[in-house]
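Asker: Quick note on numbering: the sequence shown equals residues 274 to 345 in our numbering. Take this structure, written in structure tokens, and hold onto it; I'll ask about it next.
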Amino acid sequence: MKRRRRHTPPTRPLGRVASHFTREGTPKNSYRTQSEAQGAAQLAWTLHGVDLNTYRCDYCFQWHMGKNFRED
Ligand SMILES: [Zn+2]
């Protein structure tokens, strides 16, 4: 069995910081204001029919969109 060892995987985000990254480990699009993020979420709904939440990120202090993201 071959294992890739040359490429180290992207740093796994920890805990709440995970909300800053996509599943692929790349940073999500960020928005400076909640209304910008909500506008983008609404556009995604209009174009793709996907329901996205917006939340403020503890990592970059900007806003992101997320699918099925829990708001507590
Ligand atoms: Zn962030």
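Glycine included, C-beta positions come from ideal geometry on N, C-alpha and C.
At a cut-off of 7 Å, would you count S308 as near ligand 1, judging by its Cβ distance to the nearest heavy atom?
Answerer: To locate residue 308, count along the sequence shown from 1; it is residue 35. It does not: the Cβ of S308 is nowhere closer than 7 Å to a heavy atom of ligand 1.
Asker: Say the cut is 7 Å; is the CB of Q335 nearer than that to a heavy atom of ligand 3?
Answerer: Ligand 3 is absent from the structure shown, which contains only ligand 1.
Asker: Are there 16 or more other CB atoms within 10 angstroms of the CB of H280, so buried, or fewer, so exposed?
Answerer: By one-based count along the sequence shown, residue 280 stands at place 7. Classification for H280: exposed.
Asker: Does the Cβ of T295 have 16 or more other Cβ atoms within 10 Å, making it buried, or fewer, making it exposed?
Answerer: Along the sequence shown, read from residue 1 onward, the residue named residue 295 stands at position 22. Per the 10 Å Cβ criterion, exposed.
Asker: DSSP has T327 in a bridge; who is on the other side?
Answerer: Within the sequence shown, numbered from 1, the residue matching residue 327 stands at position 54. According to DSSP, T327 bridges with M338.
Asker: Rounded to a whole number of angstroms, what is the C-alpha to C-alpha distance between L320 and V290?
Answerer: Position 47 of the sequence shown holds residue 320. Position 17 of the sequence shown holds residue 290. Taking the straight line joining both Cα atoms gives about 28 Å.
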